[in-house]
């Protein structure tokens, strides 16, 4: 997805994992995804740069669609669409 | 959800190795895996309570019990322990880097349903009784662990 597409996504839940380190962001994603309906999008906020690789791996394993990441001033916004 | 299973043997009682084991366990659980951790020999010290009721032990078991670390707060590092200063420095750096403490990781693992099983044989050898270890453990032998490992796609010995 392009930067513009990501930035204009309709996010139904934001999970704040800023300041946490591995495995904090994926723990937060696991907790957060249950509050998102199938087909809707969760945004994970993180400051740990490993999350850029970890969250796609988590989404693949869990059967969700990882849409991409936006970076703003050291904060990563990662988008995941719940598929099941 | 594509659930698979992972088993981790924690043999070591080193702070850094226990930390690695619990980070992997928590990560796997967050990815939807069933995780079983098998604690044996020095790894049992990670599960010790800092204060436990007194027990009648043989002289050697008493020596083991007295000299081994009582719980996650007392573990040493596998490298650069510097007579106990190393772990304190590492904890400080971990706080600065917002890495969860070992105690938090153990608590999170339990919340996530990570199954923790303790080797009864090595408990007997080291003179550790069930009430010296944290609650919620299963006390098992090698067959239980092997049965779990048979079902797992990944098995780690740490």
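Residue numbers (our numbering), protein chains in the order written: chain A, 15 to 98; chain B, 2 to 159. Note that beta-carbon positions come from the ideal geometry of N, C-alpha and C, so glycine has one too.
Residue i and residue j closer than 9 Å at C-beta
i: residue 50 of chain B; j: residue 103 of chain B; result: no
i: residue 71 of chain B; j: residue 84 of chain B; result: no
i: residue 95 of chain B; j: residue 78 of chain B; result: no
i: residue 110 of chain B; j: residue 141 of chain B; result: no
i: residue 44 of chain B; j: residue 12 of chain B; result: yes
i: residue 27 of chain B; j: residue 115 of chain B; result: yes
i: residue 36 of chain A; j: residue 24 of chain B; result: yes
i: residue 71 of chain A; j: residue 90 of chain A; result: no
i: residue 44 of chain A; j: residue 31 of chain B; result: yes
i: residue 159 of chain B; j: residue 21 of chain B; result: yes
i: residue 64 of chain A; j: residue 56 of chain A; result: no
Start and end residues, beta strand (DSSP E) containing residue i
i: residue 61 of chain A; result: Counting along the chain, residue 61 of chain A falls outside any beta strand (DSSP E), and DSSP gives it neither H nor E.
i: residue 156 of chain B; result: 155 to 158
i: residue 1 of chain B; result: Since the first residue of chain B shown is 2 and the last is 159, residue 1 of chain B is not available in this structure.
i: residue 30 of chain A; result: 25 to 31
i: residue 85 of chain A; result: 79 to 86
Residue i versus residue j - alpha carbon distance
i: residue 28 of chain A; j: residue 80 of chain A; result: 15 Å
i: residue 38 of chain A; j: residue 121 of chain B; result: 32 Å
i: residue 24 of chain A; j: residue 42 of chain B; result: 52 Å
i: residue 40 of chain B; j: residue 97 of chain A; result: 37 Å
i: residue 10 of chain B; j: residue 83 of chain A; result: 36 Å
i: residue 19 of chain A; j: residue 30 of chain A; result: 21 Å
i: residue 69 of chain B; j: residue 93 of chain B; result: 23 Å
i: residue 124 of chain B; j: residue 100 of chain B; result: 30 Å
i: residue 149 of chain B; j: residue 6 of chain B; result: 9 Å
i: residue 86 of chain A; j: residue 156 of chain B; result: 39 Å
i: residue 2 of chain B; j: residue 74 of chain A; result: Legend: pLDDT at residue 2 of chain B = 48, less than 50; position of this residue unreliable, no value from coordinates given.
i: residue 112 of chain B; j: residue 36 of chain B; result: 12 Å
i: residue 32 of chain A; j: residue 144 of chain B; result: 42 Å
i: residue 146 of chain B; j: residue 17 of chain A; result: 48 Å
Continuous alpha helix (DSSP H) stretch holding residue i: start and end
i: residue 21 of chain A; result: 17 to 21
i: residue 38 of chain B; result: Here residue 38 of chain B belongs to no alpha helix (DSSP H); instead the beta strand (DSSP E) covers 35 to 40.
Selected residue, minimal CA-CA separation from residue i, among the options
i: residue 54 of chain A; options: A:73, A:87, A:18 and A:26; result: A:26
i: residue 55 of chain B; options: B:155, B:131 and B:159; result: B:131
i: residue 68 of chain A; options: A:94, A:86 and A:15; result: A:94
i: residue 57 of chain B; options: B:156, B:153, B:128 and B:137; result: B:128
i: residue 61 of chain B; options: B:126, B:88 and B:157; result: B:126
i: residue 139 of chain B; options: B:38, B:19 and B:15; result: B:38
i: residue 34 of chain A; options: B:97, B:29, B:112 and B:30; result: B:97
Cβ separation of residue i and residue j, assumed to be a contact under 8 Å, to the nearest whole Å
i: residue 76 of chain A; j: residue 33 of chain B; result: 6 Å
i: residue 14 of chain B; j: residue 76 of chain B; result: 6 Å
i: residue 81 of chain B; j: residue 74 of chain B; result: Contact flag wrong, Cβ pair sits at about 18 Å.
Chain D contact residues for residue i, given Cβ-Cβ distances below 7 Å
i: residue 95 of chain A; result: The question asks about chain D, but that chain is absent: this structure's protein chains are A and B.
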